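Asks:
2 protein chains.
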Amino acid sequence: MKPKALLFDVFGTVVNWRLGITRDLTTHFQNHPCNHAPEVIADAWRAQYQSSMEPIRSGRRGYVDLDTLHAENLELVAKMFHLELGTPEEKKWLIEAWHRLPCWPDSVPGIRALQRQFICASQSNGHIALAVNLARYNQFAWDVILGAEIVRTYKPAPAAYTRACEALGLRPAQCMMVAAHNSDLAAAREQGMQTAFIRRPTEHGPSQTIDLEPTDDWELTASSIVDLNCAIGNLD
Amino acid sequence: MKPKALLFDVFGTVVNWRLGITRDLTTHFQNHPCNHAPEVIADAWRAQYQSSMEPIRSGRRGYVDLDTLHAENLELVAKMFHLELGTPEEKKWLIEAWHRLPCWPDSVPGIRALQRQFICASQSNGHIALAVNLARYNQFAWDVILGAEIVRTYKPAPAAYTRACEALGLRPAQCMMVAAHNSDLAAAREQGMQTAFIRRPTEHGPSQTIDLEPTDDWELTASSIVDLNCAIGNLD
C-alpha cells in the first residue's frame, strides 16, 4: 500500500552534518587554533548526541531543545579536547552550525519530486527553528515540520512516531519513515509505520562501520532520495 | 526594520473559505436538498466560529482542534436550518471541506515570491493536518506550519502570537503578522509584532461591511499578497 506521507529523518539522511560541522569548526580554528583535526571534534561532538537525549526520553528531564543539548555537549567536548570556544557570540555561532548543514546532493531534487505525490515531513530530533533554518539554508520547504518540539520527546521514543502520524490525521500504516539508520526504522515499524532505508555510507566519514546496509526487510531500500522516488513508484 | 518571518492568517487572508464551503455545500445539497442558499449556510457555519473558540481561549475548555469545532458548529447550523447531514461519511466530507478551500488568485504567487526573502509561516487557528492539506490542495508549501496546535490556544489569545515567534527562535519585533482582519493585527501588535493588512473586501460576500480598510496605522497595507511583496521592499 502506498503511503500518504513520508516522514524524514534529517541528520545523516537528508543533510551531511559531518561536512557542515567540519567546515564551521575549520573557520573557528582560524581564530582559536586546535591540535585536533576538525573531523575529530565533529565526531566527538556528535558522539554525545544520543546519550544527551536519554534523560529526556526516559522522563528524568523535561523537554529542552537541541540547541540546548548541542551547547552542553560542546562544553563537554571543549573540556575533553582543550578547545577554546571564544566569546559568547563565537560559541553561539558554532552551536548554530547545526542550522547551516548542507544537504546531500540528491536530497533537494528527491524531496521535490516526492512532494508531487506525498506529504513530505521533517521528523527529526531538531526543534522547529532548526528544521526551518536547515530547509531554507538548502532552499527548499517541507510540507510540514514535525519532530521533537511537536511531540515533546526524542526518537526513538514510541510517542515520537505515533504523535507525528496523529498530527497529520493519519494512521501509522499510512506513513513511511525514511532514514539512514536501521534503529530509527525499527522503532518506527514497532509503531506500525512503513519504512524506507537510505544508504549513507559516508555519514560518519570514510571508515564508517554501521548502517552500511539494511539490517531488516524494510519496505524499501534506496541509495539516494532520488532513487527512493523511483522505487516508491513500484509499491502497491 | 525588515522582518525575518511573515506569519500568515489563513482563513480569509490566504484562502477564500466562502467560495470553497459554498461549492461543497452545493454538492451536498444535490443529495440532501435544502431550502436555503448555500451561501447562507456557509455564512451561518462560519458565524459560529469565534464563539466556539472562546471557551478554549479562556481556559474553560481544553484544546480541541478545528475539525471538532467545525463538526459541533455544523450540528448547530443543521438544527437551525433543518439541514440533513446524511451518513457519517457525508458529514465527515462536509467537515473536511475546510481542508479543500481555494486560495485567492494572488496568494500562491505572492507567498512564493516572499519566500525568497522571508520565512513564510502559516499562523492560523487551523490544526497541523488542516494547514498541510490546505497548502497541498493549492500546490504550495509553507516554510513552517505554526498555529493553534503548536501553541495550544486560539488567536487572539496573546500566547498564540508570542509562542509562535518563540518557536522560530525570533523576537516578536522580527516577525510580521499578515492578516485581512484588523482585530488579528491589533492582537499581534499588542505582543510586539509588526503588522500587514491585506484587503479582502469580498471575504464575507459582496455586501461585506467589516475589515474593508485598515483601522490603524499598520506597518503595511496591500490589496493582495503579490502587492505585499512589492510594498515590503520599501521597508528598512
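Those sequence lines, one after another, are chains A and B. First residue of the first sequence: -5, per my numbering; consecutive thereafter. First residue of the second sequence: -5, per my numbering; consecutive thereafter. For glycine and all other residues, C-beta sits at the position ideal for the given N, C-alpha and C. None of these values were measured; they are calculated from a predicted model.
At a cut-off of 6 angstroms, is arginine 157 of chain B close to the ligand HEM when judged by its beta-carbon and the heavy atoms of the ligand?
Replies: With respect to the ligand HEM, the structure offers nothing, as it holds no ligand at all.
Asks: Run through the stretch 157 to 208 of chain A for me and flag every whole beta strand (DSSP E) of 3 or more residues, listed as ranges in chain order.
Replies: Fully enclosed beta strand (DSSP E) runs of 3 or longer: 169 to 173, 188 to 192.
Asks: Between which two residues does the alpha helix (DSSP H) harbouring isoleucine 122 of chain A extend?
Replies: Along the first sequence, read from residue 1 onward, the residue named residue 122 of chain A stands at position 128. It spans 122 to 131 - the alpha helix (DSSP H) in which isoleucine 122 of chain A sits, taken as one unbroken run.
Asks: Are leucine 88 of chain A and histidine 22 of chain A closer than 7 angstroms when you measure CB to CB?
Replies: By one-based count along the first sequence, residue 88 of chain A stands at place 94. By one-based count along the first sequence, residue 22 of chain A stands at place 28. In this structure, histidine 22 of chain A lies closer than 7 angstroms to leucine 88 of chain A by Cβ.
Asks: Identify each residue in the stretch 180 to 195 of chain B for which the Cβ-Cβ distance to at least one residue of chain A is less than 8 angstroms, and report them in chain order.
Replies: If the cut-off is 8 angstroms between Cβ atoms, the stretch 180 to 195 of chain B has nothing near chain A.
Asks: Determine the DSSP secondary structure at cysteine 224 of chain B, reduced to helix, strand or coil.
Replies: For the purposes of this step, residue 224 of chain B is taken as the residue at position 230 of the second sequence. Cysteine 224 of chain B: helix per DSSP, three-state reduction.
Asks: List, in chain order, every chain B residue whose beta-carbon is nearer than 9 angstroms to that of arginine 130 of chain A.
Replies: Here residue 130 of chain A refers to the residue found at position 136 when the first sequence is read from its first residue. Correct list: Gln109, Ile113, Asp137.
Asks: Tell me the rounded alpha-carbon separation between valine 220 of chain A and leucine 70 of chain B.
Replies: Position 226 of the first sequence, counted from the first residue, corresponds to residue 220 of chain A. Position 76 of the second sequence, counted from the first residue, corresponds to residue 70 of chain B. Distance between the alpha carbons of valine 220 of chain A and leucine 70 of chain B: 49 angstroms.
Asks: Take the Cβ of glycine 14 of chain A as the centre, count every other Cβ of all protein chains shown within 10 Å, and call the residue buried at 16 or more, exposed below.
Replies: Position 20 of the first sequence, counted from the start, is the residue given in the question as residue 14 of chain A. Answer is buried; the Cβ neighbour count reaches 16.
Asks: For the stretch 105 to 123 of chain A and the stretch -4 to 13 of chain A, state whether three or more C-beta atom pairs, one from each stretch, are separated by less than 8 angstroms.
Replies: The answer is yes - the stretch -4 to 13 of chain A touches the stretch 105 to 123 of chain A, with three or more Cβ pairs under 8 angstroms.
Asks: Would you call glutamate 143 of chain A buried or exposed, if buried means 16 or more other Cβ atoms sit within 10 Å of its Cβ?
Replies: As a first step, residue 143 of chain A is located in the first sequence; it is residue number 149 there, counting from the start. Buried, since its Cβ has 16 or more Cβ neighbours within 10 Å.
Asks: Under a CB-based cut-off of 7 angstroms, is leucine 77 of chain B close to chain A?
Replies: Reading the second sequence from its first residue, position 83 is the one you call residue 77 of chain B. Answer no: the Cβ-Cβ gap between leucine 77 of chain B and chain A never drops below 7 angstroms.
Asks: Below 6 angstroms CB to CB, which residues in the same chain sit around proline 208 of chain B once its five sequence neighbours on both sides are set aside?
Replies: In the second sequence, residue 208 of chain B corresponds to position 214, counting from 1. For proline 208 of chain B, where only same-chain residues beyond five positions count, the Cβ hits under 6 angstroms are Phe191, Thr215.
Asks: Which residue from A:Met187, A:Asn228, A:Gly199 puts its Cα closest to that of alanine -1 of chain A?
Replies: The residue labelled residue -1 of chain A in the question sits at position 5 within the first sequence. If we check each option's Cα against that of alanine -1 of chain A, A:Met187 comes out closest.
Asks: Counting contacts by CB-CB distance shorter than 7 angstroms, is alanine 123 of chain A in contact with chain B?
Replies: Counting from 1 along the first sequence, the entry for residue 123 of chain A is found at position 129. Cβ-Cβ to chain B under 7 angstroms: yes for alanine 123 of chain A.
Asks: At which residues does the beta strand (DSSP E) containing leucine 0 of chain A begin and terminate?
Replies: As a first step, residue 0 of chain A is located in the first sequence; it is residue number 6 there, counting from the start. First-last of the beta strand (DSSP E) with leucine 0 of chain A: -1 to 2.
Asks: Find the residues of chain A that neighbour glutamate 66 of chain B, judging by a C-beta separation of less than 9 angstroms, and give them in chain order.
Replies: Position 72 of the second sequence holds residue 66 of chain B. What glutamate 66 of chain B touches in chain A: nothing, since even the nearest Cβ is about 18 angstroms away.
Asks: In terms of residue numbering, what span does the beta strand (DSSP E) encompassing leucine 214 of chain A cover?
Replies: Locating residue 214 of chain A in the first sequence gives position 220, where the first residue counts as 1. Its beta strand (DSSP E) spans residues 214 to 216.
Asks: Please identify the residue among B:Val145, B:Ala107, B:Val102, B:Leu108 whose C-alpha is closest to the C-alpha of arginine 245 of chain B.
Replies: Residue 245 of chain B is absent from the model: chain B starts at -5 and stops at 230.
Asks: Determine which residues of the stretch 160 to 171 of chain B have a Cβ less than 7 angstroms from any Cβ of chain C, and write them out in chain order.
Replies: Annotation note: the requested chain C is absent from the structure, which comprises protein chains A and B.
Asks: Taking the CB atoms as reference points, tell me whether arginine 193 of chain B and serine 217 of chain B lie closer together than 7 angstroms.
Replies: In the second sequence, counting from the first residue as 1, residue 193 of chain B sits at position 199. In the second sequence, counting from the first residue as 1, residue 217 of chain B sits at position 223. It is a contact, given that the beta carbons lie within the stated cut-off.
Asks: Could you name the residues of the same chain whose beta carbon sits closer than 6 angstroms to that of leucine 162 of chain B, not counting the 5 residues immediately before and after it, in chain order?
Replies: Within the second sequence, the letter at position 168 stands for residue 162 of chain B. Same-chain partners within the cutoff: Ala(-1).
Asks: Which residues in the same chain as valine 172 of chain B place their Cβ atom closer than 6 angstroms to its Cβ, once the five residues preceding and following it in sequence are excluded?
Replies: One-based indexing of the second sequence puts residue 172 of chain B at position 178. Closer than 6 angstroms at Cβ, skipping near neighbours: Leu0, Phe2, Ala190.
Asks: Kindly indicate which three-state DSSP category serine 116 of chain A falls into: helix, strand or coil?
Replies: By 1-based counting over the first sequence, the position of residue 116 of chain A is 122. Three-state result, serine 116 of chain A: strand.
Asks: Valine 9 of chain A and cysteine 97 of chain A look like a contact to me (Cβ under 8 angstroms); what is the Cβ gap, rounded to whole Å?
Replies: One-based indexing of the first sequence puts residue 9 of chain A at position 15. One-based indexing of the first sequence puts residue 97 of chain A at position 103. 5 angstroms between Cβ atoms; contact.
Asks: Listing by chain order, which chain A residues have their CB less than 9 angstroms from the CB of isoleucine 144 of chain B?
Replies: Here the question's residue 144 of chain B lines up with position 150 in the second sequence. Here the neighbours are Ile122, Glu143, Ile144.
Asks: If arginine 51 of chain B sits next to alanine 151 of chain B, beta carbons under 8 angstroms apart, how far is it from one beta carbon to the other, in whole angstroms?
Replies: In the second sequence, residue 51 of chain B corresponds to position 57, counting from 1. In the second sequence, residue 151 of chain B corresponds to position 157, counting from 1. Yes, arginine 51 of chain B and alanine 151 of chain B are in contact; Cβ-Cβ is about 5 angstroms, under 8 angstroms.
Asks: If you check the beta carbons only, do alanine 153 of chain A and leucine 140 of chain A fall under 7 angstroms apart?
Replies: Within the first sequence, numbered from 1, the residue matching residue 153 of chain A stands at position 159. Within the first sequence, numbered from 1, the residue matching residue 140 of chain A stands at position 146. Their beta carbons are not under 7 angstroms apart, which means alanine 153 of chain A does not touch leucine 140 of chain A by this criterion.
Asks: Output the boundary residues of the alpha helix (DSSP H) element that contains serine 52 of chain B.
Replies: By 1-based counting over the second sequence, the position of residue 52 of chain B is 58. Serine 52 of chain B -> no alpha helix (DSSP H), and no H or E assigned at all.
Asks: Check the Cβ of valine 220 of chain A against every Cβ in chain B and list those closer than 8 angstroms, keeping chain order.
Replies: Indexing the first sequence from 1 puts residue 220 of chain A at position 226. Result: empty, since nearest Cβ-Cβ is about 19 angstroms, beyond 8 angstroms.
Asks: Can you tell me which of the three DSSP states phenylalanine 5 of chain B falls into?
Replies: The count along the second sequence starts at 1 and reaches residue 5 of chain B at position 11. Of the three classes helix, strand and coil, the one that applies to phenylalanine 5 of chain B here is strand, per DSSP.
Asks: Does the beta-carbon of alanine 49 of chain A have 16 or more other beta-carbons within 10 angstroms, so that it is buried, or is it exposed?
Replies: For the purposes of this step, residue 49 of chain A is taken as the residue at position 55 of the first sequence. The sequence given here places proline at residue 49 of chain A; alanine does not occur at that position. The residue in question, proline 49 of chain A, is exposed, as its Cβ has fewer than 16 Cβ neighbours within 10 Å.
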